[in-house]
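Peer 1: Take this structure first; my questions come after.
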Amino acid sequence: MNTSTTQNGEIQKEYLRAVDGEKMWVLLNHVKPDRRQEFERFMHEIITQIAVRSEPHVLNRTRILHPTGPNEDGTYTYIFLMDPVVSDGVYGFEELMSLSYPSEEIEELGKLFFESLFSPQVGYEVIQTAW
């Protein structure tokens with residue numbers, strides 16, 4: 002499995018998908034319309050870059066889906082798919098950030114994520130079927 006970056010910093014991932022019987026997580030994040038930029042920066046410039054270096058086996062099994070438009074209430078729903086879940090993988094943002102940032106920066110950086118949310122993250126643990 003390979004996770005690498007190109008010369009322009011673009012991330013290249015080798016994707017794997019869950020097979021029959023494997024666990025997946027589906028996480029929904031309802032983001033405030035005026036905070037989308039902060040949310041995307043946090044995910045793509047901070048968390049993804051840490052994962053490239055320290056958790057490539059998790060990154061290769063995680064997808065972030067961006068919304069094509071707003072919800073009826075004006076929020077935007079971003080979906081994370083952990084496909085499949087890596088049983089020993091690091092998924093927590095604070096734990097991931099601690100691999101690259103000093104503790105005094107973690108709280109400040111975490112605000113980019115938590116203050117961008119309209120409501121708490123909603124998560125589901127599901128099982129892949131044969132179909």
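Residue 2 is where the sequence shown starts when you use this note's numbering, and the numbers rise one by one after that.
All C-beta atoms in this analysis are idealised placements derived from N, C-alpha and C, irrespective of residue type, glycine included.
Quick caveat: nothing in here was measured; it's all calculated off a predicted structure.
1. Would you call the region 57-74 in contact with the region 105-115, where contact means no fewer than 3 C-beta pairs closer than 8 Å?
2. Compute the distance between the beta-carbons of Ile107 and Lys24, then report whether it is under 8 Å.
3. Kindly examine the ligand SAH and report whether one of its heavy atoms sits closer than 7 Å to the Cβ of Gln38.
4. Where does Val87 fall in DSSP's three states?
5. Are the CB atoms of Tyr125 and Val27 within a distance shorter than 8 Å?
6. Mapping the DSSP letters down to three states, classify Pro105 as helix, strand or coil.
7. For a quick check, are the C-beta atoms of Leu17 and Ile51 less than 8 Å apart?
8. Where does Thr49 sit, in a helix, a strand or coil, going by DSSP?
9. If you draw a straight line from the alpha carbon of Trp132 to that of Ser88, how long is it in whole angstroms?
Peer 2: From the atom records:
1. No: fewer than three Cβ pairs fall under 8 Å.
2. no
3. The ligand SAH is not part of the structure shown, which contains no ligands of any sort.
4. coil
5. yes
6. Before going further, note that residue 105 is Glu rather than Pro in the sequence given. Glu105 falls in the helix class under three-state DSSP.
7. no
8. DSSP places Thr49 in helix when its eight states are reduced to three.
9. Roughly 23 Å separates the two Cα atoms.
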